[in-house]
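Q: One structure is given below, represented as structure tokens, and several questions about it will come after.
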Amino acid sequence: MKHILLGAALTLASALVYGQENSANFKIEQMQKLPNELYQLVYNPTNNLVYVAGPKRGFDKNAENFVYVLDGQSLAVKDSIALGKYLPFGIALNNKTQTLYVGHSLQDAVSAIDLKSKKQQVISSGNKKSKIREIAVDEIRNKVYVSDHGNPSIWEIDGNSNTYVGAFEKEGAYLLGVNVDAQRGKVYGTDANTMEGNILVYNSESGNLEGQFKTWSYCPLNIALDKAGNRLFVSQSNDNNVTIVDGNTGDILQKVYLGYDSSPIGLVYDEKSKLLYTANRNKQEVAVINTDSYQVIERIATQGLPNTITLDPASGAIYVTNKQAGKKGEPVENANTVLKINRI
């Protein structure tokens, strides 16, 4: 009963602030259309480039696939990185080593790409049941973590040798999102197996499961971190909210309701501005949340189906991938585009 009352109170609080939004504080500054499907993207602060996973339409495993390289200022296509017949979906960057990690969800593998030489090293867990989704990098330990909902676990990859070294396993889990707090030595994974909507908390050094934080929303997806305040932000696509959890205690601090059928997926937190950006797939928008007041302060129409957001921490600009509608969906204007959004 306590949990039910808590959920009701938080939902009511979120509903009260919902709609208290200012207007025209952000604008779409640049847009780039690409020829393939678009999934995740990552910003590289070292060279001011954006890397975009773009699998061939129809997910053709016999076709050559690429990561597109865009200029961070203009979004002009500067280059591409050939991946052979490996389809790219998830993507992450080790900025220290300038190694790009690309997840091949349909082929149960991850590619490590040296950005200077473009040399590709394919990494597999050796488990044919693996279905990987998200990738996160611990730059302090030079480790890479990959969520696997086919073989319930989080892969651990050694960034020095770019080899699979083991997994943090959780029997019966359905692991979707993953993120890392390298300073605190924590690896977080979202478990969509039960209505509790757990965030699994692993120790980076030992791999031990140290806690399970309940979000009480079904099917938690991606995780963003407020490392200074030790808060976890979790997108809840089925329940149309972002759940904010205290990283120390696991207590739910707030649920920010994003509107009926909003379906938030990707999200990113800007430490400087204390703003959280969420990609609301079905509402075709990016929502901007003030994380002091937990209010939605603006909604930016994307005219496409936003999937993933990455941040330039220096300028505060965000980059968003827009997917195209599925076979039964209505066509969208900005299908298969990357957007650059700035504050006015």
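Residues -19 to -1, 1 to 325 (mature numbering (1 follows the signal peptide of the UniProt record, and there is no 0)) make up the sequence shown, in order. C-beta: ideal position from N, C-alpha, C; glycine also.
Assuming Asp162 is part of the beta strand (DSSP E), what are its boundary residues?
A: Here residue 162 refers to the residue found at position 181 when the sequence shown is read from its first residue. Segment Leu156 to Asp162, the beta strand (DSSP E) holding Asp162.
Q: My output table needs one value for Leu56: the three-state DSSP class, helix, strand or coil.
A: Position 75 of the sequence shown, counted from the start, is the residue given in the question as residue 56. DSSP places Leu56 in coil when its eight states are reduced to three.
Q: Can the beta-carbon of Ile135 be found closer than 9 angstroms to that of Val168?
A: Looking up residue 135 in the sequence shown gives position 154. Looking up residue 168 in the sequence shown gives position 187. The answer is yes: Cβ separation under 9 angstroms.
Q: From this set, Asn46, Asn28, Asp119 and Ile180, which residue's C-alpha is nearest Ala73's C-alpha?
A: One-based indexing of the sequence shown puts residue 73 at position 92. Selected option, being the one with the closest Cα: Asp119.
Q: Output needed for Asn174: all residues of its chain with C-beta closer than 7 angstroms, excluding positions within five of it in sequence on either side, in chain order.
A: On the sequence shown, position 193 is the one that residue 174 refers to. Once the five neighbours on either side are set aside, the close Cβ partners of Asn174 are Gly153, Ala154 and Tyr155.
Q: Does the Cβ-Cβ distance between Val301 and Ile322 come in under 9 angstroms?
A: Here the question's residue 301 lines up with position 320 in the sequence shown. Here the question's residue 322 lines up with position 341 in the sequence shown. Their beta carbons are under 9 angstroms apart, which means Val301 touches Ile322 by this criterion.
Q: DSSP three-state call for Leu87: helix, strand or coil?
A: Along the sequence shown, one-based indexing puts residue 87 at 106. Of the three classes helix, strand and coil, the one that applies to Leu87 here is helix, per DSSP.
Q: Grouping DSSP H, G and I as helix and E and B as strand, with all else coil, what is residue 326?
A: Past the edges of the chain, shown from -19 to 325, lies residue 326, and the structure says nothing about it.
Q: Which word fits Leu36, buried or exposed, when buried means at least 16 other C-beta atoms lie within 10 angstroms of its C-beta?
A: Here residue 36 is taken as the residue at index 55 of the sequence shown, counted from 1. Residue identity differs from the one stated: residue 36 is Pro in this sequence, not Leu. Buried: at least 16 other Cβ atoms inside 10 Å.
Q: By Cβ distance below 6 angstroms, which residues in the same chain neighbour Ser(-6) in space, the five residues on each side in sequence not counted?
A: Position 14 of the sequence shown, counting from 1, holds the residue named residue -6. The pLDDT assigned to Ser(-6) is 42, lower than 50, so where the model puts this residue is not dependable; a value taken from the coordinates is nonetheless given after this. Answer for Ser(-6): Lys236, Val237 and Tyr238, listed in chain order.
Q: Just mark Arg38 as buried or exposed, buried being the case when its beta carbon has 16 or more other beta carbons within 10 Å.
A: Position 57 of the sequence shown, counted from the start, is the residue given in the question as residue 38. Exposed: under 16 other Cβ atoms inside 10 Å.
Q: So, at 7 angstroms on beta carbons, what are the nonlocal neighbours of Asn43 in its own chain, with the 5 sequence-adjacent residues on each side left out?
A: The count along the sequence shown starts at 1 and reaches residue 43 at position 62. Only Lys66 meet the Cβ criterion.
Q: Might you give, ordered along the chain, the residues of its own chain that have their beta carbon closer than 8 angstroms to the beta carbon of Thr289, omitting 5 neighbours on each side?
A: As a first step, residue 289 must be located in the sequence shown, where it is residue number 308. Within the same chain, Thr289 has close Cβ partners Tyr20, Gln21, Leu22, Ile246, Gly247, Ala260, Val301 and Thr302.
Q: Taking only runs that begin and end inside the region 182 to 248, name each unbroken beta strand (DSSP E) of 3 or more residues, in chain order.
A: Listed in chain order, the complete beta strand (DSSP E) runs (minimum 3 residues) inside the region 182 to 248 are 190 to 195, 201 to 207, 212 to 217, 222 to 227 and 233 to 238.
Q: On the DSSP bridge list, what partners appear for Ser134?
A: The sequence position of residue 134 within the sequence shown is 153, counting from 1. DSSP output for Ser134 lists Asp129 and Glu150 as bridge partner(s).
Q: Return yes when the Cβ of Val127 is within less than 9 angstroms of the Cβ of Gly71, no when it is not.
A: Working through the sequence shown from its first residue, we reach residue 71 at position 90. Working through the sequence shown from its first residue, we reach residue 127 at position 146. Going by C-beta atoms, Gly71 is nearer than 9 angstroms to Val127.
Q: Can you tell me the Cα-Cα spacing of Ser187 and Ser111, whole angstroms?
A: Mapped onto the sequence shown, residue 187 falls at position 206. Mapped onto the sequence shown, residue 111 falls at position 130. Ser187 and Ser111: Cα-Cα distance of roughly 22 angstroms.
Q: CA-CA distance, Arg324 and Gly107?
A: As a first step, residue 324 must be located in the sequence shown, where it is residue number 343. As a first step, residue 107 must be located in the sequence shown, where it is residue number 126. Distance between the alpha carbons of Arg324 and Gly107 is about 45 angstroms.
Q: Tell me which residue opens and which closes the beta strand (DSSP E) that Phe7 is part of.
A: The sequence position of residue 7 within the sequence shown is 26, counting from 1. Phe7 to Lys14 is the span of the beta strand (DSSP E), which, as asked, contains Phe7.
Q: Taking only the alpha-carbon atoms, compute the straight-line gap between Glu311 and Leu286 and give it to the nearest angstrom.
A: Locating residue 311 in the sequence shown gives position 330, where the first residue counts as 1. Locating residue 286 in the sequence shown gives position 305, where the first residue counts as 1. Rounded to whole angstroms, Glu311 to Leu286 spans 11 angstroms at the Cα level.
Q: DSSP has Ala117 in a bridge; who is on the other side?
A: Start at 1 with the first residue of the sequence shown, and residue 117 comes out as number 136. Answer is Tyr126, bridged to Ala117.
Q: How big is the Cα-Cα spacing for Arg262 and Thr291?
A: Within the sequence shown, the letter at position 281 stands for residue 262. Within the sequence shown, the letter at position 310 stands for residue 291. Taking the straight line from one Cα to the other gives about 15 angstroms.
Q: DSSP state of Gln102, grouped into three classes?
A: For this step, residue 102 is matched to residue 121 along the sequence shown. Strand at Gln102.
Q: Just to confirm the assignment, what range does the beta strand (DSSP E) spanning Thr287 have?
A: To locate residue 287, count along the sequence shown from 1; it is residue 306. Before going further, note that residue 287 is Pro rather than Thr in the sequence given. Its beta strand (DSSP E) spans residues Leu286 to Leu292.
Q: Answer yes or no: does any C-beta atom of chain D fall closer than 9 angstroms to that of Ile325?
A: In the structure shown, chain D does not exist; there is a single protein chain.
Q: What is the DSSP secondary structure of Tyr20, counted as helix, strand or coil?
A: Walking along the sequence shown from the start, residue 20 turns up at place 39. Of the three classes helix, strand and coil, the one that applies to Tyr20 here is coil, per DSSP.
Q: Just mark Thr230 as buried or exposed, buried being the case when its beta carbon has 16 or more other beta carbons within 10 Å.
A: Sequence index remark: in the sequence shown, residue 230 carries index 249 (1-based). That one is exposed.
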